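Undergrad: Be aware that the sequence shown starts at 35, since it is given in this note's numbering, and climbs by one per residue.
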Amino acid sequence: APTVAPPSDGEWQELIAAGDLSMWEVVGNSESFEFQDGILRCIKIGSQPSFLVLARNGAPETIRNFEMKLETKGEGKSNSGVYLHVDPGHLQTPANPESGHEIQLARNAPLKSATGAIFGVVPPSFDTGGKLSNWCTLHITVNGQNIRCELDGREIQNYTESLNPSERPGDSNKHLRPE
C-alpha cells in the first residue's frame, strides 16, 4: 500500500488501507478502482483517464515535499503514474492534468515514457524493460525542486528542475509548484 511521510519527519502514514479509499477523491470513473484480495487494482474504463486525488480533509491537497513508497505491478499494456504538484483546480475534469509532473508507471513502453520517466520531461536513468511485470517497489522523494526515484533500491531518476521555465527540458508548462 502507498505510504507517505515528510522527509524530515520519518513517520510513515499509510494512504491506502485494504478496501479503504476514504482519504481519496475519485476524479473520473469510480469503477476504475477496485480492491481484489486486499490489493487496489486500477482499470481503465472508457477513453478518459481516472485519478485518485489525496483529499484527507475532504478537499484535494498538494503535498510539496514528501517521500512515497508503493508496491506496484503492471499487467498487459499498463500505463499509469503518480502525479506530483498538480494544481487542484486542474482536476475538475477527467483529463490529464495541465500542471505538475507525472512519474510514469508503464509496462513495455519506450524509454522516454518507461517506468521512472518524468512524462514529457526526462526519461529514467536506465531502461526498466519489463520490470513492472513483477511486483516492485517505487520510492519517490520530492524535496524543493528535486525529484528522486528508486525502483527496487536502484536510482532511476534524480531530476532537479530549474526555476527558469526556459531552462527546463520538455513541457515547460508542467512544473513543480514552489512553496
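Note that beta-carbon positions come from the ideal geometry of N, C-alpha and C, so glycine has one too. Given the structure is predicted, the values throughout are model-derived calculations rather than measurements.
On the three-pair Cβ rule with 8 Å, is the stretch 146-161 touching the stretch 187-195?
TA: Yes: the two stretches touch, three or more of their Cβ pairs being nearer than 8 Å.
Undergrad: What is the C-beta distance between THR96 and CYS170, in whole angstroms, given that I count them as a contact (C-beta under 8 Å)?
TA: Their Cβ separation, rounded to whole angstroms, is 26 Å, which puts THR96 and CYS170 out of contact at 8 Å.
Undergrad: Can you give me the start and stop residues for the beta strand (DSSP E) that SER114 sits inside?
TA: Start and end: 113-118.
Undergrad: With a threshold of 16 other CB atoms inside 10 Å of the CB of GLY80, please say whether the residue is buried or exposed.
TA: That one is exposed.
Undergrad: To the nearest angstrom, how far is it from the Cα of HIS119 to the Cα of GLY108?
TA: Going from the Cα of HIS119 to the Cα of GLY108 covers about 24 Å.
Undergrad: Can you tell me which of VAL155, SER114, GLU136, ALA93 puts its alpha carbon nearest to the alpha carbon of ASN142?
TA: That would be SER114, whose Cα lies nearest to the Cα of ASN142.
Undergrad: Per DSSP, what kind of secondary structure is LEU49 in: helix, strand or coil?
TA: Coil, per DSSP.
Undergrad: Near THR194, what residues of its chain come up, given a Cβ to Cβ distance below 6 Å and the 5 sequence neighbours on each side ignored?
TA: GLN179, ASN180, listed in sequence order.
Undergrad: Following the continuous beta strand (DSSP E) through ALA140, name the residue where it begins and the one where it ends.
TA: Run containing ALA140: 135-140, per the beta strand (DSSP E) assignment.
Undergrad: Indicate the three-state DSSP secondary structure (helix, strand or coil) for LEU88 in the structure shown.
TA: LEU88 falls in the strand class under three-state DSSP.
Undergrad: Could you check which residue in VAL176, SER133, PRO83 has the C-alpha nearest to that of PRO122?
TA: Comparing Cα-Cα distances from PRO122 to each of VAL176, SER133, PRO83, the minimum goes to SER133.
Undergrad: In this structure, how does DSSP classify LEU145 when only helix, strand and coil are distinguished?
TA: Helix.
Undergrad: Leaving out five residues before and five after ARG182 in sequence, what residues of the same chain have Cβ atoms less than 6 Å from its Cβ?
TA: So the list reads THR175, ASN192, once near-sequence residues are dropped.
Undergrad: Tell me where the beta strand (DSSP E) around PHE69 begins and ends.
TA: Element bounds for PHE69: 67-70.
Undergrad: With DSSP run on the structure shown, which of helix, strand or coil describes GLU201?
TA: Note: GLU201 maps to helix in three-state DSSP.
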